[in-house]
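4 protein chains.
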Amino acid sequence: MNTFGNNFRLTTFGESHGAAIGGVVDGFPAGIHIDTDFIAGEMQRRHDNVLGTSRREPDEVEMLSGLLDGVTLGTPIAFLIRNHDVRSEDYAALQRLQRPGHADYTWEQRYGLRDWRGGGRASGRETAARVVGGSIAKILLCTRQIAISSKVVEQGAAGEGDSAGGVVECTITGLKAGYGNPVFDKLNARLGAAMMSIPSAIGFEMGAGFAAARMQGSEYIDRWNPDHTTQSNHCGGVQGGISNGMPVVCRVAFHPVASIAKPKECIDNKGNIETLTLAGRHDRCHVPRTAVVVEAMAAMTVADFLLGEK
Amino acid sequence: MNTFGNNFRLTTFGESHGAAIGGVVDGFPAGIHIDTDFIAGEMQRRHDNVLGTSRREPDEVEMLSGLLDGVTLGTPIAFLIRNHDVRSEDYAALQRLQRPGHADYTWEQRYGLRDWRGGGRASGRETAARVVGGSIAKILLCTRQIAISSKVVEQGAAGEGDSAGGVVECTITGLKAGYGNPVFDKLNARLGAAMMSIPSAIGFEMGAGFAAARMQGSEYIDRWNPDHTTQSNHCGGVQGGISNGMPVVCRVAFHPVASIAKPKECIDNKGNIETLTLAGRHDRCHVPRTAVVVEAMAAMTVADFLLGEK
Amino acid sequence: MNTFGNNFRLTTFGESHGAAIGGVVDGFPAGIHIDTDFIAGEMQRRHDNVLGTSRREPDEVEMLSGLLDGVTLGTPIAFLIRNHDVRSEDYAALQRLQRPGHADYTWEQRYGLRDWRGGGRASGRETAARVVGGSIAKILLCTRQIAISSKVVEQGAAGEGDSAGGVVECTITGLKAGYGNPVFDKLNARLGAAMMSIPSAIGFEMGAGFAAARMQGSEYIDRWNPDHTTQSNHCGGVQGGISNGMPVVCRVAFHPVASIAKPKECIDNKGNIETLTLAGRHDRCHVPRTAVVVEAMAAMTVADFLLGEK
Amino acid sequence: MNTFGNNFRLTTFGESHGAAIGGVVDGFPAGIHIDTDFIAGEMQRRHDNVLGTSRREPDEVEMLSGLLDGVTLGTPIAFLIRNHDVRSEDYAALQRLQRPGHADYTWEQRYGLRDWRGGGRASGRETAARVVGGSIAKILLCTRQIAISSKVVEQGAAGEGDSAGGVVECTITGLKAGYGNPVFDKLNARLGAAMMSIPSAIGFEMGAGFAAARMQGSEYIDRWNPDHTTQSNHCGGVQGGISNGMPVVCRVAFHPVASIAKPKECIDNKGNIETLTLAGRHDRCHVPRTAVVVEAMAAMTVADFLLGEK
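Chains as they are written, first to last, in this note's numbering: chain A, 1 to 310; chain B, 1001 to 1310; chain C, 2001 to 2310; chain D, 3001 to 3310.
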């Protein structure tokens, strides 16, 4: 299904080359001013060749509902982004070819058919709706003095015509102790699901992460200060699935995107291998632009817990 | 909440030192024989000092409902494990002390009070209910020729009185192409949530994982064979959130558990630091016994997708 | 929340005098042709002074996503209806007045503020999105030879400047035995929730309904024919929460709408009673036009069960 | 599925003649004392030949989890009721016969097999778990000064060997204005679903109910007092799906149960009609004992809204 969250809920829709993409945010409290300039700014951060495509669109966000004089009504906030720069003919060869590293084959196995125009819904373009949802979540977090930031901590260099991956670190500050659930719906589990749902995400870790697997317990355990802050933050701000008041820190690894200029061996609809060379500009590394998507998912995850508190 | 899954649903309950722990599996199809010996065997794999405790219980599983002559009725399958070897007095000091590396403080912030007896629900003992649920899921998977296996691929050595972590790799074979959803409910996202919800999990990766972040796209992309198998499996069997028919491979990193014999600096209920030394045996490394929990979560995740298919 | 259903899911949005109303249908299977003329026809049935308002709009439905050449992709089907004929100034007095029989007061208690322009989201206009969702559900049902029909079985006559209620009967034919769940999610329970969520619904009954409370068991029990049809249908086609293959029959009672021309005693924002007389045309009885909404809710309820079957 | 509610969640399990029935309450706040005598008293109200069976059991409720010294921990509250007085041999003829008015046939169509022992899960016995859940919900409501009461307003007289139905009215007092949601999850819609899920419920109405369909609007509309109470309560305490602070009033119609002493024409497993006469005592009218189940469903519905408030 295309809904994220339980209390703060984002439902998204839209194909890359359809009429529009967009979403509906449900569960947002009434009485909060929505700064559309802030949303536009976040969209700008995501902009330019997003996730490996060369398409340039203004990505103007139209707010359709849920607001009166810019203030939320407690009703669903729907938004729309029209698709303009659509040249589906560039993709005509893809009607009969399944590309390696793409979702062409799996999508057909799942649904029986696929939208070959620009990747359809299996396009990085769907992350635009996540960024709008994340912006709205950030506005809520801001009213609680919670901030989300990110940085690229690893970035591959790509050879000519090739692509590279990287790692984004995301930090949530200002989240008080006590958010999260102790068994299945741990804060870290929900963050993991949120991050792993981003296109090309392939790894996730909290705090010391995989390195913690090589530590001794006496080294790993974060020592208390009397005020319940800790002297290290190996656990990444979460204990037993619940925030402990320290910054919540996670990292997301992204593999290189599959859209490269180099020739690729596809399978055609008769089961033969056929080499395809895609024209057009391609991103060498999409990771810097993915950071705002990472933040959006973090913001919506935290908003979901905030709105679920009793 | 204490429910895992949407179509295959496990709801668990129970505190470490309460009357019992257990669970309810809902959504399981009618007409499938449940081999209780298999469940007992899976429980045995989990047994002995699980997750760092020295408690030894027979962990006998009583099936309460959902079966007629050993065959499922399509109704909820409830099960119960009585708690026997309960020596809550060992934990009396914990009524007023918050241990580092444990959920004592976060639990109190979340709920206002906490069950200090053996960790209450924030105890590794809750994973026993996951293993029963996972066993039942595996029985379903077996009818579809899907198998789950795991191995410890990294294991720390622990010094005297200390603890160590490690990494478990899990492989799902026999899952056909077409399972998973393309946006938020990706197969890899759900697996990530499932694994990160296991006590002491701190990292998760699919296929090539964090190493993929350092590859070039041309190296990372798995090349087709004409039958839609691939020559490598860097993506871990999932493309665009949907299984591609190759083995689904993931790894889970576990940090060392906090229950160590070495002295630990706790905070008492007046905000003072007090050093506590816990008597009793402690696991040096709990990771080998966690493997069956990893498999259980994988099995339930896959079962959830299988039962959700239209 | 503003989502109906679990497997067939309709999320709606929009205020009466905002930019637009609309919705997103999620979970719809791929490969089904959507006849937009049929949707337009259903909207026409709902049209003219819907639910007591005198607003006349073309109610043109724009499909935004989920389709390729008119065929569903398995992705969310989003749709939009622009609001055109908006004269919010007619409602200016309502900024400070709470009308009896309306949701003005309860909405303010729930959200702290309210959209006074045309009732905001507490307007019968939101049912337009239900009708679109219901039309899409009917297209699915049609592929399974399931049909939904309705008739007005009671209709009040209204005096000058007054309003009247009535009763709509809805019949679902072609639904095979075996749909529904035996405990909380009974087919009749879900139908009840669906119908009671329609604006101004105040009663719901299956089959013989309230009259069954006065029957003897030997009279009430529907006698078998050898082919499992029954000689009467007092139960309304549902036994133990599960369809039995007979027509599913229910009735929904609607109270008169509160929008009447006669003067009404309102409460102003100082707690004083003030008499308000609303100008404009008003429906005497909205029930005939509600029938298509009843059908829409029935269609979506059945579609939800169909798509949930394993 | 066998879960009721979103925030206050009751998951039930158990067949009539299996080892036990029971349930798990999830989402209940920490720090509330659970009076087990109160629960026992509610069970007593339900007792004696409930829903047409002659089985007499002590129905002792064992609490399994979620409590420390009788106070809730915020963790799942599991409970168990062992089945003792099981004489499955009485039902042996039912292995091959489908009774009219029962769920024998629909259950087989739904699941492919059925538990013929005492009706399995399609037995009125499952309502025992609802009453325990409702008792726990009432304890929560009591902390908010909300009370639930009921009375039988219609009760059929049954001839010798026959059964009769009736109508139960339920009133919720003390619920403040502002609970409920405006579109699909209206308070009245959720109440309707809750009530229609009770075995043998066949009709539901709020306030003036079906009679409101015959009123004029000017008669139906509840007039304000300046304090926002109303001079009548035709709407049953709900406006636009949200409570208005007046008592919430609904009525539930029950058809006569199908378990009658008179001969019944069944269908055997070869498709022939065969007349069956059931021995044993049978209730003439189960409605008086259903009242506590009606209250339980009302209590859980309100608790669900209370715990969902932001």
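Using N, Cα and C, we set each Cβ at its ideal position, and we do this for glycine too.
Not a single CB atom of chain D sits nearer than 7 Å to the CB of Pro2288 (chain C).
Here Asp3162 (chain D) has Pro3256, Ile3260, Ala3261, Lys3262, Arg3284 as same chain residues with Cβ atoms under 8 Å from its own Cβ, once five neighbours each way along the sequence are excluded. In this structure, DSSP gives Ser2065 (chain C) a state outside helix and strand, which the three-state scheme calls coil.
Using a 10 angstroms sphere on the CB of Gln2095 (chain C), the tally of other CB atoms stays under 16, which defines it as exposed. Not a single CB atom of chain D sits nearer than 7 Å to the CB of Lys2138 (chain C).
Interface annotation, Gln3239 (chain D): in contact with chain C, CB-CB separation under 7 Å. Identification of residues in the segment 1021-1036 of chain B having a C-beta nearer than 8 Å to some C-beta of chain D yields Ile1021, Gly1022, Val1024, Asp1026, Gly1027, Ala1030, Gly1031, given in sequence order. Restricting attention to A:Ile77, A:Leu10, A:Gln44, the CA atom closest to the CA of Gly2018 (chain C) is found in A:Ile77. Counted as a single uninterrupted DSSP element, the stretch harbouring Ile273 (chain A) is not any alpha helix (DSSP H) but the beta strand (DSSP E) occupying residues 273-276. Nearest to Thr3275 (chain D) by alpha-carbon distance, out of D:Arg3087, D:Asp3115, D:Ala3093, D:Leu3080, is D:Ala3093.
The beta-carbon separation of Val3152 (chain D) and Pro3029 (chain D), rounded to 33 Å, does not stay under the 8 Å limit for a contact. Rounded to the nearest whole angstrom, the C-alpha separation of Asn3006 (chain D) and Gly3271 (chain D) is 42 Å. If you draw a 10 Å sphere on the C-beta of Arg3110 (chain D), you find 16 or more other C-beta atoms in it, and that means buried. When Cβ-Cβ separations below 7 Å define contact, Thr11 (chain A) makes no contact with chain B. Scanning chain D for C-beta atoms nearer than 8 Å to the C-beta of Arg2144 (chain C) yields nothing, as the closest lies near 15 Å away. In terms of Cβ geometry, Val2131 (chain C) and Ala2296 (chain C) form a close pair [threshold 7 Å]. A residue is called buried once 16 or more other Cβ atoms fall within 10 Å of its Cβ, and Asp1037 (chain B), having fewer, is exposed. Taking a contact as a CB-CB distance under 8 Å, the pair Arg121 (chain A) and Glu205 (chain A) does not count as one, their CB atoms being some 28 Å apart. A:Ser200 is the residue among A:Phe184, A:Ser200, A:Gly180 whose C-alpha sits nearest the C-alpha of Asn1188 (chain B).
Within the same chain, Cβ atoms closer than 7 Å to the Cβ of Thr2277 (chain C) are found at Pro2263, the five residues on either side in sequence being excluded.
Per DSSP, the beta bridge partners of Thr12 (chain A) are A:Gly23. In the structure shown, the three-state DSSP call for Trp107 (chain A) is helix. In the three-state scheme derived from DSSP, where H, G and I count as helix and E and B as strand, Leu141 (chain A) is classed as helix. Within the same chain, Cβ atoms closer than 6 Å to the Cβ of Gly2308 (chain C) are found at Asn2007, the five residues on either side in sequence being excluded. Within the same chain, Cβ atoms closer than 7 Å to the Cβ of Val2302 (chain C) are found at Leu2141, Ile2146, Ile2172, Leu2175, the five residues on either side in sequence being excluded.
In this structure, the CA atom of Val1238 (chain B) is about 21 Å from the CA atom of Val1167 (chain B). Between Ala3020 (chain D) and Leu1064 (chain B) the beta-carbon gap is near 5 Å, inside 8 Å, which marks them as a contact. Taken in chain order, the complete beta strand (DSSP E) segments of 3 residues or longer contained in the segment 116-174 of chain A are 147-155, 166-173. For Val294 (chain A), the uninterrupted alpha helix (DSSP H) segment begins and ends at 287-308. Selection C:Gly2203, C:Pro2182, C:Gly2180 evaluated against Leu3191 (chain D) yields C:Gly2203 as nearest (Cα-Cα). Per DSSP, Asp1268 (chain B) is one residue of the beta strand (DSSP E) stretching across 1264-1268.
Cβ neighbours of Val1292 (chain B) within its own chain (closer than 7 Å, five residues either side excluded): Glu1042, Arg1045, Arg1046, Val1131. If you compare the alpha carbons of A:Ala177, A:Gly66, A:Ala103 with that of Glu1108 (chain B), the shortest gap goes to A:Ala177. Per DSSP, reduced to three states, the secondary structure at Thr3072 (chain D) is strand.
For the C-beta of Gly203 (chain A), the chain B residues within less than 8 Å are, from N- to C-terminus, Gly1203, Phe1204, Glu1205, Met1206, Gly1209, Phe1210, Ala1212, Ala1213. Leu2073 (chain C) reaches chain A at Glu15, Tyr111, Leu113, Arg114, Asp115, Gly120, Arg121, counting residues in chain order whose Cβ is nearer than 8 Å.
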